[in-house]
Amino acid sequence: MNETEFRHQLFDLAKDAPSGSSAPPALLRQARRRVVLTIASSVAIAVLVVGMGIAGVRALQVAPTPADPPTPTPTPGSLGALAYGVDGDIYVADWDGSNPVRIADGRPPNGGPGCGPAQYGGEGSIWSPDGRYLAYWYNSCQVVPTVMISDPDGNLVTSFPGEGWLISWSPDSTRVAVWVRWGETIGIYGLDGERQTLLTLPPGMMAPGDYDPVWLPDGASLMVPYGVEIPLDGSTPRKLPWADAHEGEATYSPDGSRVAYTTRTPLEGLVLLRGQHQGGSFVVGAADGSHAQEVFGARVWKPVWSPTGDRIAFTSGNGTELRVVDVATGTVTLLAEKDGSDILLVLDFSPEGDRILFSRAEDQGVGPISLWSVNADGSGLRRLVTGTAWGDWLSLSPTR
Amino acid sequence: MGAEVETIRIEGSLLADLYARHADEALRLSYLLTGDGALAEDLVQDAFVRVAGRLLHLRDPGGFHAYLRKTIVNLARSHYRRRALERRYLERQTEAPPIDPDDLSDRERLRRALMALPIGQRTAIVLRYFEDLSEAQTADLMGRHPGAVKSLVSRGMGTLRTTVGVDV
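So the sequence lines, in the order shown, correspond to chains R and B. Residues in the first sequence are numbered consecutively from 8, following the working numbering. Residues in the second sequence are numbered consecutively from 1410, following the working numbering.
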């Protein structure tokens, strides 16, 4: 397909867009209300500015506060701090979101005409496994975003350019992996900001989609979907044994001996069969691909293995049901259920594996977003932070 | 106060006129960025409301289209706020109906390949090849460096070359 044909295809595709021949009355009502609000708020701001000037009051920087009041439940002993990003800033708080401290402050636009506001953000494991550092993104009007590594007080340790969303910490906390060129090359960076290794992913190996590399538990390889291992020694990337004929997401047990993965097809039907795309399986097996066992007979999202190795949390029902499976018995427990338009995602476990951190995005991800925690037995459901869909508990677990 | 009421009434009528003139184009852009008709409508509606809030301060009414386009791009980019949410949303959209990849039409294959691109690459490609903007205009609209736009387009087209045989 040449450029002209490609443009024609795009125009043809765009014909599927809804038609907007006349303005919806609701839109006009909303727009008029907006204009009224603009006028009203302009007046209000002017009054406020004058008032503040007179009183000599300095504007307070309000940090996000926990949405629910603290409950008297005892704090798990070694459960550490919660790191998260809200409104372009990075915060470190107590495990339940209380006492937030802003450690990175997103600043106003500074890159010239057309540049968006500079902001910090994090997705994935923000904390290094040893709890000494945090890794997050800084986006301003640069050619590529910047990876920032700081201590828990926000003091910058190092920074370097990178791409993608997830910054992946090595299990020994000494390196991070990020895309150098998305989908093509991955850089391994030390805490001095120097790139130690540049890994090239052969074309067509990674699943199509917006994915980032993660470390395998032994720290000697990275993995990209679906189950492609990229050795750090530069040897040829390969499909992991369990990944043959599967497609989905995976999580390893803390010792690396077992793997849990999702498939789009039932376990017995590894050949893709018509009409079974909406089924799928959640499978636990040995890392070498043997002893694979279906533990949940439907498609699931983003399984996370507990640091204690005995539980795996995941969401099912297109992200509306939060569940946990007892690995030893295979018993699956429903912990929380939301309506059909919500998206729930498991983010993390407490070090003892007894509490789960997850996010809730309402209205297909467009509505309010928040972080929640629930005990592994389904009790103690509580909202921790509003305004973000991603957070990371400091686990201080040697196996994480 | 009377003057303000008059301004609002005039802008209500102006907005209806602007909507009739720009909605189809805005909806097509929004649809190519999101891949979903209902979501495209929501984003365009939101964009019109936001732009309406600024009509009082719009120095160049002729620039309405550019202003609206920029608002739609920003709304599409910030819609999911997190890559994970975008991915899940797209998975929900592509759950049904089950179709064998060999049975897909070229345009459906292109739609899926386009939606699988990271949002930055998808936006840059749509603005360059659908909206027919220059690299500099695309960079300005996306709030990125022109070099970054060139890179986004190049990599996105590289992926489309592999997946659907686009040779640009």
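Where a beta carbon is used, it is the ideal one built from N, C-alpha and C, also for glycine.
Counting along the chain, where does the beta strand (DSSP E) carrying residue i start and finish?
i                      : result
residue 355 (chain R)  : 350 to 356
residue 1562 (chain B) : First-last for residue 1562 (chain B): 1555 to 1573, but that is the alpha helix (DSSP H), not the beta strand (DSSP E).
residue 344 (chain R)  : 339 to 344
residue 204 (chain R)  : 202 to 207
residue 98 (chain R)   : 96 to 100
residue 3 (chain R)    : Residue 3 (chain R) is absent from the model: chain R starts at 8 and stops at 407.
residue 213 (chain R)  : Per DSSP, residue 213 (chain R) belongs to no beta strand (DSSP E) and is neither H nor E.
residue 106 (chain R)  : That residue, residue 106 (chain R), is in no beta strand (DSSP E); it is neither H nor E in DSSP.
residue 390 (chain R)  : 389 to 393
residue 175 (chain R)  : 170 to 176
residue 294 (chain R)  : That residue, residue 294 (chain R), is in no beta strand (DSSP E); it is neither H nor E in DSSP.
residue 306 (chain R)  : Careful: residue 306 (chain R) lies outside any beta strand (DSSP E) and carries neither H nor E.
residue 269 (chain R)  : 265 to 270
residue 161 (chain R)  : Here residue 161 (chain R) belongs to no beta strand (DSSP E), and DSSP marks it neither H nor E.
residue 192 (chain R)  : 192 to 197
residue 127 (chain R)  : 126 to 128
residue 385 (chain R)  : No beta strand (DSSP E) contains residue 385 (chain R), which DSSP labels as neither H nor E.
residue 239 (chain R)  : Counting along the chain, residue 239 (chain R) falls outside any beta strand (DSSP E), and DSSP gives it neither H nor E.
residue 186 (chain R)  : 182 to 188
residue 146 (chain R)  : 141 to 146
residue 329 (chain R)  : 328 to 333
Once you ignore the five residues that flank residue i on each side, which residues in its own chain have a CB closer than 6 Å to its CB?
i                      : result
residue 1577 (chain B) : 1566
residue 298 (chain R)  : 292
residue 370 (chain R)  : 348
residue 306 (chain R)  : 287
residue 238 (chain R)  : 228
residue 260 (chain R)  : 312 and 316
residue 296 (chain R)  : 248 and 249
residue 207 (chain R)  : 192
residue 1444 (chain B) : 1524
Output the boundary residues of the alpha helix (DSSP H) element that contains residue i.
i                      : result
residue 1537 (chain B) : That residue, residue 1537 (chain B), is in no alpha helix (DSSP H); it is neither H nor E in DSSP.
residue 1518 (chain B) : 1515 to 1525
residue 1548 (chain B) : 1544 to 1551
residue 21 (chain R)   : 10 to 21
Using a Cβ cut-off of 8 Å, pull out every chain R residue sitting near residue i, in sequence order please.
i                      : result
residue 1591 (chain B) : Any question about residue 1591 (chain B) goes unanswered here, given that chain B covers just 1410 to 1577.
residue 1442 (chain B) : Ordered by position in chain R, no residue passes the 8 Å Cβ test against residue 1442 (chain B), which lies about 10 Å from the chain.
residue 1446 (chain B) : 23, 24 and 25
Could you tell me which chain R residues have their CB closer than 7 Å to the CB of residue i, listed as they occur along the chain?
i                      : result
residue 1571 (chain B) : 210 and 211
residue 1482 (chain B) : Under the 7 Å cutoff, chain R gives no residues; its nearest Cβ is about 10 Å from residue 1482 (chain B).
residue 1449 (chain B) : 24 and 25
Give me, in chain order, the residues of the same chain whose beta-carbon lies closer than 7 Å to that of residue i; leave out the 5 immediate sequence neighbours on both sides.
i                      : result
residue 309 (chain R)  : 256, 321, 322, 352 and 353
residue 1436 (chain B) : 1449, 1450 and 1453
residue 408 (chain R)  : An answer regarding residue 408 (chain R) cannot be provided, because it is not within the stretch 8 to 407 covered by chain R.
residue 112 (chain R)  : 96
residue 199 (chain R)  : 165
residue 382 (chain R)  : 361 and 362
Using a cut-off of 9 Å between C-beta atoms, extract the partners of residue i located in chain R.
i                      : result
residue 1574 (chain B) : 8
residue 1532 (chain B) : Within 9 Å Cβ-Cβ: nothing; residue 1532 (chain B) doesn't reach chain R, min ~12 Å.
residue 1562 (chain B) : Within chain R, no residue comes near residue 1562 (chain B); the closest Cβ sits about 12 Å away, beyond 9 Å.
Identify the contact partners of residue i in chain B, using a Cβ-Cβ distance below 7 Å as the criterion.
i                    : result
residue 13 (chain R) : 1538, 1575 and 1577
Spatial neighbours of residue i within its chain, please: C-beta separation below 8 Å, excluding the five flanking residues on both sides.
i                      : result
residue 347 (chain R)  : 325 and 327
residue 1526 (chain B) : 1534, 1565, 1568 and 1569
residue 303 (chain R)  : 288, 289, 321, 323, 330, 332 and 339
residue 341 (chain R)  : 328, 329, 330 and 385
residue 222 (chain R)  : 175, 176, 177, 178, 184, 228, 229 and 230
residue 45 (chain R)   : Confidence at residue 45 (chain R) is low in this model, with a pLDDT of 43, below 50, so its placement is unreliable and no value can be given for it.
residue 1485 (chain B) : 1439, 1442, 1443, 1452, 1528 and 1532
Near-chain R residues of the segment 1534 to 1547 of chain B - C-beta to any C-beta below 9 Å: 1534, 1535, 1538, 1539 and 1541
Cβ pair count under 8 Å reaching 3, the segment 157 to 164 of chain R against the segment 1520 to 1534 of chain B: no
Near-chain B residues of the segment 334 to 366 of chain R (beta-carbon distance less than 7 Å), N- to C-terminal order: 350 and 352
Chain-ordered residues of the segment 1424 to 1436 of chain B with a beta carbon less than 8 Å from chain R: 1424, 1425, 1428, 1429, 1432, 1433, 1435 and 1436
Residues, ordered as in the chain, of the segment 187 to 211 of chain R that lie near chain B by beta-carbon distance below 9 Å: 188, 189, 190, 191, 210 and 211
Near-chain B residues of the segment 16 to 28 of chain R (beta-carbon distance less than 9 Å), N- to C-terminal order: 16, 17, 18, 19, 20, 21, 22, 23, 24, 25, 26, 27 and 28
Validate contact between the segment 127 to 145 of chain R and the segment 171 to 183 of chain R using beta carbons, cut 8 Å, 3 pairs: yes
Stretch-stretch touch, CB-based, cutoff 8 Å, three pairs: the segment 383 to 399 of chain R with the segment 1431 to 1446 of chain B: no
Given 8 Å, three or more beta-carbon pairs between the segment 176 to 186 of chain R and the segment 1546 to 1553 of chain B: no
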